[in-house]
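Positions 1464 to 1886 (this note's numbering) are the ones given, in order, by the sequence shown. Ideal Cβ placement from N, Cα and C applies to all residues, glycine included. Some notes on the structure that comes next.
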Amino acid sequence: MSQTPIPEEYDDTRIMGYDPLIPPALLQTEIKASKKSLDTVIKGRIDSSRIISGKDDRCLVIVGPCSIHDPEAAIEYANRLKKLAGELSDDLVIIMRAYLEKPRTTVGWKGLINDPNVDNTFDINEGLRVSRKLYADLTGEVGIPIGSEMLDTISPQYFSDLLSFGAVGARTTESQLHRELASGLSFPIGFKNGTDGNVGVALDAVQASSKGHHFMGVTKNGLAAITTTKGNDHCFVILRGGKNLTNYDSESVKNAKAAIAKSTNPNIKIMVDCSHDNSKKDYKNQPSVLQSVVEQIEAGEHALMGVMIESHINEGKQSMPPGNEGKAALKYGVSITDSCVSWETTVDMLKNLSKAEENILKRVLRKWFDENPTFDLIDQFVNDLSSFELEQPVITPRFGQRACLYLCSAARDDQYCLLILKK
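Right, here's the structure in full:
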């Protein structure tokens, strides 16, 4: 008679060990979200959701480092971005890219959560603490809304209360687990097209995530549970290019729109990723990708609602430090994953995009006054604007308010400006 094998001979044969993981609820109690943090998060969610649903004509911008490895540099970048976001808030809603995890084609540094010391010690509990503290500081002390990639199905329980935006990458857009996860998240989610450039998988993901699901998950207390979700109706498509191809140009956007028109939701919006395959993996091409988006927006392309930019304090990237040297061997403010444009280039790019949004406003006003040349028709303008038709349906309630304020400012009618603001 054969002897029954012991568990070590057939179970967990490739597992070297299990270490306790801090429960999400405990970490959230240890590092609380302040009222200012929550106000920042909620405003970021509302603003981005309104853009995605066509209720706000501004452009949504997700901009920041490819990944965060140095919280100090991230805070400096965030302070700069916060100031710029305030200056451009009439035209742009800016959310800082604050990615804690990185998908790797083969192997490599997986992010601040996985290896916070950048020395292959893989202190994940410390990574979770450092990451949550950083998120609390970004949204609280700095007051900038943030977004991140949804790479696994557990980490969102630690950070989702501090996020205003999420993305699912090209490698995971087809994953059922990530579609289920997105269906239960409390903020908008962008799905990137596949690594081959296929937009269909992203549209399928948007459709799947808009529905409720039942799946195995983890509670805030760290217990395995059956999770039931409502569905997320604030999902959209991110065009990021594919192997040996780009898809940010007007023809590619038209093709994406045609695919959307045939889908179950013809109102799905499009964001363009200026990096990755759209930049041909050369960060210096990001401004030219953005310029194409600017030209399309100025031409009346209403399906484009936002852009994604990989940006840091300093341009380019640097290699991981050899051995166990860690962060001390790294240059300050330089990416250790994908190459990024510099802060100076970022400012130029965002001001260029803001100008495009402003030009649309001016074009509407010029068209209206061509048809109504008498300048004292300001009251009629206010009443007519909601039904005013341009080449594309770009008019939103916020657009109307902006147009009125712009008009009143031009007329130097401060009293009327106040009236419009009250409305």
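- A Cβ-Cβ contact shorter than 9 Å links I1525 with M1559.
- DSSP places T1492 inside the alpha helix (DSSP H), whose first and last residues are 1487-1493.
- Distances from the CA of G1610 to each of N1588, F1650, I1576, D1582 were compared; the closest alpha carbon is that of F1650.
- The C-beta separation of L1563 from S1512 comes to about 23 Å, leaving the pair out of contact by the 8 Å criterion.
- Nearest to I1607 by C-alpha distance, out of V1556, A1536, L1793, Q1670, is V1556.
- Distances from the alpha-carbon of K1790 to those of T1584, K1693, A1722, E1778 put T1584 closest.
- Counting only runs of 4 or more residues that sit fully inside the segment 1620-1674, the alpha helix (DSSP H) segments are 1639-1647, 1663-1672, in chain order.
- The C-alpha of I1505 lies about 24 Å from the C-alpha of H1676.
- Comparing alpha-carbon positions, the option among E1714, T1709, I1772 lying closest to K1743 turns out to be T1709.
- Assignment of beta-bridge partners to T1690 by DSSP yields F1678.
- DSSP places S1751 inside the alpha helix (DSSP H), whose first and last residues are 1749-1761.
- Closest option to P1619, judged by alpha-carbon separation, among A1488, G1796, A1792, S1805: A1488.
- Residue H1697 holds the alpha-carbon nearest to the alpha-carbon of G1647 among V1605, H1697, G1603.
- Around the beta carbon of D1519, a 10 Å sphere encloses 16 or more other beta carbons of the protein chains shown; the residue is thus reported as buried.
- Taking all protein chains shown into account, L1686 has fewer than 16 neighbouring C-beta atoms within 10 Å of its C-beta and is therefore exposed.
- Separation of the CB atoms of L1601 and G1769 is rounded to 20 Å, and the pair is thereby denied contact status at 8 Å.
- For L1555, the enclosing beta strand (DSSP E) starts and ends at 1555-1560.
- Under the DSSP assignment, E1612 falls in the beta strand (DSSP E) whose first and last residues are 1609-1612.
- By the neighbour-count criterion, in which 16 or more other beta carbons inside 10 Å mark a residue as buried, P1579 falls on the buried side.
- For E1589, the enclosing alpha helix (DSSP H) has its first and last residue at 1587-1600.
- The alpha-carbon of E1773 is positioned some 11 Å away from that of P1750.
- Approximately 5 Å separates the beta-carbon atoms of F1699 and G1653; this is inside 8 Å, confirming the contact.
- With contacts defined by Cβ atoms closer than 9 Å, E1637 and D1667 form a contacting pair.
- Under the three-state reduction of DSSP output, I1514 falls in the helix class.
- Contact check for I1776 against G1763 fails: the beta carbons are separated by 9 Å or more.
- Exclusion of the five residues before and after H1641 leaves M1613, V1631, T1635 as the residues of its chain whose Cβ lies within less than 7 Å of its Cβ.
- For the set R1521, L1544, S1672, G1779, the Cα lying nearest the Cα of G1527 is the one of L1544.
- Close CB contacts of K1720 within its chain, under the 6 Å cut and outside five residues either way in sequence, are with A1766 (chain order).
- DSSP places V1700 inside the beta strand (DSSP E), whose first and last residues are 1698-1702.
- S1742 sits in a helix when the DSSP states are folded into three classes.
- If you look at E1773, you'll find it in the beta strand (DSSP E) that goes 1767-1773.
- Just so you know, the alpha carbons of S1715 and I1733 end up roughly 11 Å apart.
- Nearest neighbour of D1533 by Cα position, chosen from K1498, L1793, D1740, turns out to be L1793.
- In the assembly as shown, Q1759 is a buried residue. Its beta-carbon has 16 or more other beta-carbons within 10 Å.
- Rounded to the nearest whole angstrom, the C-alpha separation of F1622 and N1741 is 29 Å.
- Rounded to whole angstroms, the gap between the alpha carbons of L1591 and T1690 is 23 Å.
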